[in-house]
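To start, the structure under review is shown below, and the notes come after it.
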Ligand code: HEM
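Residue numbers (the working numbering): 4 to 387.
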């Protein structure tokens with residue numbers, strides 16, 4: 004644990020024990036944006052986020068609990084199991100778009116979590132690209148680039164307007180989608196307001212798209228660079244489940260998140276002060292040699308694997324089952340249908356800022372062309 008003067012000064016928690024303890028101590032390490040703790044925009048990112056307020060990630064117990072209960076109901080393993088067919092459908096469709104050509108940009112995988120999530124919420128999946136632009140391009144494209152500016156000026160306002168209109172529509176005409184489940188949910192004896200539902204949905208869309216894409220792009224580049232391990236997964240696809248846990252550990256799509264200290268105290272021998280900011284490094288904790296043997300080695304059979312890629316404590320990721328289900332299906336199908344993909348490493352583009360989401364914005368590949376398995380769902384648009 005150390006203090007840095009960067010971004011106005013903050014504590015950096017980098018070892019497993021500190022990150023674990025801090026994430027579980029929400030009384031000392033608040034997730035709230037509280038003006039009295041040194042600013043009205045402090046959030047779970049450093050530098051402070053310009054984004055809107057998100058439920059439940061920016062609440063503390065006890066207020067946090069009923070909201071998380073509602074979210075859990077919608078994202079529980081049983082609910083996600085029902086999405087298996089939807090996940091398979093979109094992974095198949097996205098690969099169908101490129102499989103006959105023999106060349107592609109593997110970054111197309113970012114479209115899958117977007118399409119699955121918005122389909123699940125009852126929104127129009129054919130508009131997935133605008134959600135990718137809004138929720139993923141902002142963290143993956145170089146700031147100031149045409150894609151970045153399009154995301155900022157067009158895609159984000161469009162998503163806000165579309166999701167808000169969708170909530171209003173579902174309030175009048177509920178269906179069996181996840182948005183309707185939030186509308187009908189009971190929050191300690193009352194219904195959620197439209198603003199609360201929007202806040203949750205925006206977090207779900209942004210929380211799921213970038214992270215899952217980050218995980219899968221990192222894994223696919225690593226599997227190209229490690230052909231023996233790639234062959235092992237091709238020969239035995241049942242190994243992918245355990246391998247994904249190791250990819251989560253070693254690539255940690257969400258590298259770090261912040262908290263604010265609520266009172267003067269001593270933590271891990273450091274004099275923390277009320278209002279101090281603290282960055283919890285999930286990614287670095289996941290490579291702590293006191294917790295993981297040979298932490299920098301990627302061992303696709305590592306087990307047990309108590310990584311903290313989904314966080315720890317009350318805020319532990321609500322979408323972990325969904326994120327893993329999507330990642331497994333994408334990796335399995337790509338290895339099955341494009342087993343010999345070759346990455347043009349000279350043209351690979353990493354996200355400009357690896358501190359938010361670590362991963363790749365562009366992964367040009369060539370491979371032996373294969374057969375489509377269905378109709379083109381996006382009429383070729385997924386390649387644009
Ligand atoms: C590989 C994929 C993913 C990774 C690595 C990841 C990572 C994380 C992390 C580290 C947190 C903890 C936040 C904190 O402690 O402040 C979190 C929270 C959260 N994630 Fe994920 N996430 C992933 C996928 C998803 C998906 C697919 C969804 C969509 C349902 C999702 C929704 C959420 C929500 C709603 C929270 C807030 C939970 C709370 O505050 O109680 N995540 N995620």
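For each residue, glycine too, the CB sits at the ideal point set by N, CA and C.
Here the structure is a predicted model, which is why all the values come from computation and not from measurement.
Query: Closer than 7 angstroms to a non-hydrogen atom of ligand 1 - does that hold for the CB of residue 325?; Result: yes
Query: Tell me which residues share the same chain as residue 386 and place their Cβ nearer than 6 angstroms to its Cβ, disregarding the 5 neighbours each side in the sequence.; Result: Any reading at residue 386 is ruled out, since the residue's pLDDT is 42, under 50, leaving its predicted position unreliable.
Query: Could you please give the first and the last residue of the uninterrupted beta strand (DSSP E) stretch that includes residue 365?; Result: 363 to 365
Query: On the DSSP bridge assignment, give the partners of residue 227 in chain order.; Result: Note: residue 227 sits in no beta bridge, so no partner.
Query: I'd like to know whether the C-beta atoms of residue 19 and residue 360 end up nearer to each other than 8 angstroms.; Result: no
Query: Counting Cβ pairs closer than 8 angstroms, one from the region 322 to 341 and one from the region 268 to 285, do we hit at least three?; Result: no
Query: Hey, is residue 18 close to ligand 3, as in C-beta under 7 angstroms from one of its heavy atoms?; Result: This structure lacks ligand 3; its bound ligands are ligand 1.
Query: Could you check if residue 229 is buried or exposed, using at least 16 other CB atoms within 10 Å of its CB as the buried criterion?; Result: exposed
Query: When you compare only the Cα positions, how much space is there between residue 383 and residue 117?; Result: Summary for residue 383: the model assigns pLDDT 49, below 50, so the residue's position carries little reliability, and this model does not support an answer.
Query: Using the rule of at least 16 other Cβ atoms within 10 Å of the residue's Cβ for burial, across every protein chain shown, is residue 350 buried or exposed?; Result: exposed
Query: Return helix, strand or coil for residue 376, following the three-state DSSP convention.; Result: coil
Query: Closer than 8 angstroms by C-beta to residue 6: which residues in its own chain qualify, once you throw out the five before and the five after it? Chain order, please.; Result: 12, 13, 14, 15 and 273
Query: Residues in the same chain with beta-carbon distance under 6 angstroms from residue 142, minus the five sequence neighbours each way, listed in chain order, please.; Result: 213, 359 and 360
Query: Cβ of residue 225 within 7 angstroms of any heavy atom in ligand 1?; Result: no
Query: Which residue comes first and which comes last in the alpha helix (DSSP H) that contains residue 160?; Result: 159 to 175
Query: Give me the Cα-Cα distance between residue 312 and residue 192, rounded to the nearest whole angstrom.; Result: 34 angstroms
Query: Given 7 angstroms as the limit, tell me if residue 210 has its C-beta closer than that to any heavy atom belonging to ligand 1.; Result: yes
Query: Go through its chain and collect everything with a Cβ distance to residue 134's Cβ below 7 angstroms, but skip five positions before and after it.; Result: 117, 121, 162, 208 and 212
Query: According to DSSP, is residue 220 helix, strand or coil?; Result: helix
Query: Out of 119, 219 and 210, which has the shortest C-alpha to C-alpha gap to residue 314?; Result: 210
Query: Is there contact between the region 182 to 202 and the region 230 to 238, where contact requires at least three CB pairs shorter than 8 angstroms?; Result: no
Query: With hydrogens ignored, establish whether the beta-carbon of residue 183 is closer than 7 angstroms to any heavy atom of ligand 1.; Result: no
Query: Got a sec, what are the start and stop residues for the beta strand (DSSP E) residue 106 sits in?; Result: 106 to 108
Query: Compute the Euclidean distance between the alpha carbons of residue 380 and residue 95, then round it to the nearest angstrom.; Result: 10 angstroms
Query: Rounded to the nearest angstrom, what separates residue 265 and residue 326 at their Cα positions?; Result: 32 angstroms
Query: Where do the N-terminal and C-terminal ends of the alpha helix (DSSP H) with residue 126 fall, by residue?; Result: It is not in any alpha helix (DSSP H) - residue 126 carries neither H nor E in the DSSP assignment.
Query: Residue 386 by DSSP, collapsed to three states: which one?; Result: Summary for residue 386: the model assigns pLDDT 42, below 50, so the residue's position carries little reliability, and this model does not support an answer.
Query: Would you say residue 112 and residue 257 are within 8 angstroms of each other, going by their C-beta atoms?; Result: no
Query: At a cut-off of 7 angstroms, would you count residue 128 as near ligand 1, judging by its Cβ distance to the nearest heavy atom?; Result: no
Query: Buried or exposed for residue 124, please, with buried defined as at least 16 other CB atoms from any protein chain shown within 10 angstroms of its CB.; Result: buried
Query: Give the DSSP-derived three-state secondary structure of residue 16 in the structure shown.; Result: strand
Query: Could you tell me the alpha carbon to alpha carbon distance between residue 370 and residue 227, rounded to whole angstroms?; Result: 12 angstroms
Query: Can you tell me whether residue 259 is buried or exposed, with buried defined as 16 or more other CB within 10 angstroms of its CB?; Result: buried
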